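Novice: Dropping the structure in here first, questions after.
Numbering (the numbering used here), first residue to last: 44 to 188.
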């Protein structure tokens, strides 16, 4: 069971419900710790309103920015962040929790098309290269490339 020290980011009324929900997940203590951290990161980034009033646009904007972060998150870290935000919004009873395509965001973790600026050059992820290669070979670039 995860014990949370509290950083003041979580509204007290939400913290207990959130912790109760993540403690029911079939994950280890270390993963629970990181789910709390990812939720705290989200709350810090989207602090304009209580979590119960966060919109789908707020969440999607946050996740899109997180996907473009430098240095990039690994795919499993991105999926972890998606899970943390989902559990948080469900615990907060935010209407947005029911309209966001959570599975779509989690599957996007491994195929995010991200351009990274590194030393003045644009470096594409594996997906960009697969699509470029398919175009050069005269094949249509599939969405699951």
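Beta carbons: idealized from backbone N, C-alpha and C, even for Gly. All of these numbers come straight from a predicted model, not from anything done at the bench.
Taking the alpha-carbon of residue 60 as reference, which of 143, 120, 94 has the nearest alpha-carbon?
Specialist: 94
Novice: Take residue 116 as the anchor and find which of 72, 140, 81 has the nearest alpha-carbon.
Specialist: Checking every option, the nearest Cα to that of residue 116 belongs to 81.
Novice: Compare the beta carbon distance of residue 52 and residue 86 with 9 Å and say whether it is the shorter of the two.
Specialist: yes
Novice: Can you tell which of 125, 91, 92, 96 has its C-alpha closest to the C-alpha of residue 107?
Specialist: 125
Novice: Check whether the Cβ atoms of residue 122 and residue 152 sit closer than 9 Å, and answer yes or no.
Specialist: yes
Novice: For the alpha helix (DSSP H) containing residue 109, list its first residue and its last residue.
Specialist: 99–110
Novice: On a CA-only basis, which of 56, 143, 55 is nearest residue 24? Give me that one, please.
Specialist: The first residue shown for the chain is 44 and the last is 188, placing residue 24 beyond what the model contains.
Novice: Using the Cα positions of residue 105 and residue 78, report the straight-line distance between them to the nearest angstrom.
Specialist: 16 Å
Novice: Nearest by alpha-carbon distance to residue 56: which of 109, 139, 140, 135 is it?
Specialist: 135
Novice: Is it true that the CB of residue 129 sits closer than 9 Å to the CB of residue 119?
Specialist: no
Novice: Tell me the DSSP secondary structure of residue 147 in three-state form.
Specialist: If DSSP states are grouped into helix, strand and coil, residue 147 belongs with the helices.
Novice: Drop a sphere of 10 angstroms on the beta-carbon of residue 92, count the other beta-carbons inside from all chains shown, and report buried for 16 or more, exposed for fewer.
Specialist: exposed
Novice: Mind checking residue 68: buried by the 16 CB within 10 Å criterion, or exposed?
Specialist: exposed
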